[in-house]
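Student:
In full-length UniProt numbering, the protein residues as written are 1 to 387.
(1) If you reduce the DSSP assignment to three classes, tell me which class residue 309 lands in.
(2) Give the list of continuous alpha helix (DSSP H) stretches no shorter than 4 residues that lie fully inside the stretch 231 to 313.
(3) How would you write the range of the alpha helix (DSSP H) that residue 16 sits in, first residue to last?
(4) For residue 355, I'd like the list of residues in its chain whose CB is within less than 7 Å of its CB, leaving aside the five on either flank, ordered along the chain.
(5) My output table needs one value for residue 363: the three-state DSSP class, helix, strand or coil.
(6) Reducing DSSP to helix, strand and coil, say where residue 3 ends up.
(7) Less than 8 Å separating the beta-carbons of residue 232 and residue 256?
(8) Using a beta-carbon distance below 8 Å, is residue 250 in contact with chain B?
(9) Measuring alpha carbon to alpha carbon, tell me which residue in 180, 241, 294 and 220 is nearest residue 50.
(10) Do the stretch 360 to 379 and the stretch 188 to 208 make contact, defined as three or more Cβ pairs closer than 8 Å?
(11) Exposed or buried, residue 259, counting other C-beta atoms within 10 Å across all chains shown (16 or more means buried)?
(12) So, with DSSP's three-state summary, where would you put residue 27?
(13) Give every residue of the same chain whose Cβ lies closer than 7 Å to the Cβ of residue 280, excluding the five residues on either side of it in the sequence, and list them in chain order.
(14) For residue 376, does the count of other Cβ atoms within 10 angstroms reach 16, so buried, or fall short, so exposed?
(15) Suppose the cutoff is 8 Å on Cβ atoms and the five residues either side in sequence are ignored; what does the same chain contact list for residue 207 look like?
(16) Looking at C-beta atoms only, is the number of pairs between the stretch 358 to 365 and the stretch 301 to 320 that lie closer than 8 Å three or more?
(17) Any chance the stretch 32 to 51 sits against the stretch 203 to 218, with 3 or more Cβ pairs inside 8 Å?
(18) With distances taken Cα to Cα, identify the nearest neighbour of residue 43 among 272, 185 and 307.
(19) If you draw a straight line from the alpha carbon of residue 249 to that of residue 352, how long is it in whole angstroms?
(20) Measuring CB to CB, does residue 278 end up less than 8 Å from residue 345?
(21) If we call anything under 8 Å between Cβ atoms a contact, is residue 290 one with residue 216?
(22) How about residue 53 and residue 243: do their beta carbons lie closer than 8 Å?
(23) Of the choices 41, 380, 367 and 350, whose alpha-carbon is the least far from that of residue 325?
(24) So which of 367, 348, 337 and 382 has the shortest CA-CA distance to residue 169?
(25) Determine, using beta carbons only, whether residue 276 and residue 302 come nearer to each other than 8 Å.
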């Protein structure tokens with residue numbers, strides 16, 4: 001007796017049901033157990049690398065040295081009273097409730113200094129807010145103020161030494177280019193699609209591509225929609241703090257504006273200035289590559305010669321297109337580990353114009369499709385791979 005559909009939908013969100021499945025092991029019918037271990041180690045490296053990314057870009061690390069002493073030196077340098085600095089500190093906490101133009105006007109800031117204003121707003125504590133506002137005020141020209149160069153160094157404000165230590169640490173070297181580990185999931189996705197689809201075609205001699213894609217959409221979208229709804233409504237209400245509204249409120253606003261692009265899996269191309277959940281680019285790119293690869297795999301099964309030629313053409317294009325775009329646009333190879341690059345990764349130009357684009361990430365997926373095809377044909381033949 002089958003369970004009602006409504007009961008199956010509820011069980012999809014059951015903690016006990018899902019924990020039981022995660023903690024159990026069912027041997028693969030196609031001898032693909034090694035893929036699960038491969039995915040585990042790749043996910044570990046991705047999580048560790050992204051933790052480093054947020055450590056560098058987020059308001060996590062404290063400045064070195066005595067903050068009170070630094071504050072007194074800067075107050076003396078710019079002839080700024082503690083009362084005035086505390087007033088500006090209170091304005092910093094209310095930043096998310098004011099427009100940028102109004103705040104800059106009240107503080108008599110020239111718009112060209114907004115970048116400096118934005119960088120120093122990201123603070124770690126109440127004292128750090130005061131220190132950064134005072135430092136920023138030291139950049140305002142004054143006839144009786146000592147220049148900021150004589151206080152904090154010649155010509156520029158350098159990044160915190162603590163962050164530099166994190167980036168330069170040898171222990172963190174394996175995680176700096178962790179973005180490349182994301183490609184392993186594209187590889188595995190392409191491999192599994194090719195392998196399983198070819199098994200289905202050999203078994204049933206045909207497949208409904210529309211139903212095949214619809215099943216994927218139905219499997220992914222309900223849980224995905226729940227997470228998007230959480231971001232757009234409840235997430236901002238579960239905590240508070242001087243930076244909570246500025247960070248999480250921004251995520252809420254982006255999801256309210258662009259949720260529909262996520263639901264139809266085009267958010268890595270549409271409304272990228274208001275990308276809802278920056279990590280959601282992956283599922284969009286994977287879905288788009290899945291759609292393309294379905295036709296490639298079917299063509300290789302139905303017309304092997306034509307399919308193989310088409311796959312190699314697509315694979316060659318997936319290598320050539322990123323190469324040409326990177327060369328002509330003089331792009332960075334990866335997201336750079338600098339605080340200014342990572343403070344708001346969704347607004348990073350390289351991230352939204354290159355990193356999340358499907359045409360820049362297709363190579364590992366199509367290699368996975370090719371690998372799945374080769375493994376399938378090898379397992380069909382009598383050839384044995386030596387240990």
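No residue lacks a Cβ here, since even glycine has one placed at the ideal position from N, Cα and C.
Source: prediction; values computed, not measured.
Tutor: Reading it off the structure:
(1) Indexing the chain shown from 1 puts residue 309 at position 309. In this structure, residue 309 counts as helix in the three-state DSSP scheme.
(2) Runs of the alpha helix (DSSP H) inside the stretch 231 to 313: 244 to 263 and 281 to 302.
(3) Position 16 of the chain shown, counted from the start, is the residue given in the question as residue 16. Counting along the chain, the alpha helix (DSSP H) containing residue 16 begins and ends at 15 to 23.
(4) Within the chain shown, the letter at position 355 stands for residue 355. Cβ neighbours of residue 355 beyond the five flanking positions: 335.
(5) Here the question's residue 363 lines up with position 363 in the chain shown. DSSP places residue 363 in the helix class (H, G or I) of the three-state scheme.
(6) On the chain shown, position 3 is the one that residue 3 refers to. Looking at residue 3 - three-state DSSP - the assignment turns out to be coil, as it is neither helix nor strand.
(7) Taking the first residue of the chain shown as position 1, residue 232 is located at position 232. Taking the first residue of the chain shown as position 1, residue 256 is located at position 256. In this structure, residue 232 places its C-beta atom within 8 Å of the C-beta atom of residue 256.
(8) Checking the listed chains, one finds no chain B in this structure; it contains a single protein chain.
(9) For this step, residue 50 is matched to residue 50 along the chain shown. Nearest of 180, 241, 294 and 220 to residue 50, Cα basis: 180.
(10) With the cut-off at 8 Å, the stretch 360 to 379 and the stretch 188 to 208 touch.
(11) Stepping through the chain shown from its first residue, residue 259 is reached at position 259. Buried: at least 16 other Cβ atoms inside 10 Å.
(12) Start at 1 with the first residue of the chain shown, and residue 27 comes out as number 27. In the three-state reduction of the DSSP assignment, residue 27 falls in the coil class, being assigned neither a helical nor a strand state.
(13) Translated into positions along the chain shown, residue 280 becomes position 280. For residue 280, where only same-chain residues beyond five positions count, the Cβ hits under 7 Å are 262 and 267.
(14) Within the chain shown, residue 376 is the residue found at index 376, counting from 1. With 16 or more Cβ atoms within 10 Å of its Cβ, residue 376 is classed as buried.
(15) As a first step, residue 207 is located in the chain shown; it is residue number 207 there, counting from the start. 197, 200, 201 and 298, listed in sequence order.
(16) Yes, the stretch 358 to 365 touches the stretch 301 to 320.
(17) Three or more beta-carbon pairs separated by less than 8 Å are not found between the stretch 32 to 51 and the stretch 203 to 218, which leaves the two stretches without contact.
(18) Within the chain shown, the letter at position 43 stands for residue 43. When each option's Cα is compared against that of residue 43, the closest is 185.
(19) Within the chain shown, residue 249 is the residue found at index 249, counting from 1. Within the chain shown, residue 352 is the residue found at index 352, counting from 1. Answer to the nearest angstrom: the Cα atoms are 20 Å apart.
(20) Translated into positions along the chain shown, residue 278 becomes position 278. Translated into positions along the chain shown, residue 345 becomes position 345. Yes, the pair counts as a contact, with Cβ atoms nearer than the cut-off.
(21) Residue mapping note: residue 290 aligns to position 290 of the chain shown, counting from 1. Residue mapping note: residue 216 aligns to position 216 of the chain shown, counting from 1. Yes, the pair counts as a contact, with Cβ atoms nearer than the cut-off.
(22) Taking the first residue of the chain shown as position 1, residue 53 is located at position 53. Taking the first residue of the chain shown as position 1, residue 243 is located at position 243. Result no, Cβ atoms of residue 53 and residue 243 do not sit closer than 8 Å.
(23) The residue you call residue 325 lines up with position 325 of the chain shown. Nearest to residue 325 by alpha-carbon distance, out of 41, 380, 367 and 350, is 350.
(24) Working through the chain shown from its first residue, we reach residue 169 at position 169. When only C-alpha atoms are compared, the closest one is 337.
(25) Within the chain shown, the letter at position 276 stands for residue 276. Within the chain shown, the letter at position 302 stands for residue 302. Not closer than 8 Å, so no.
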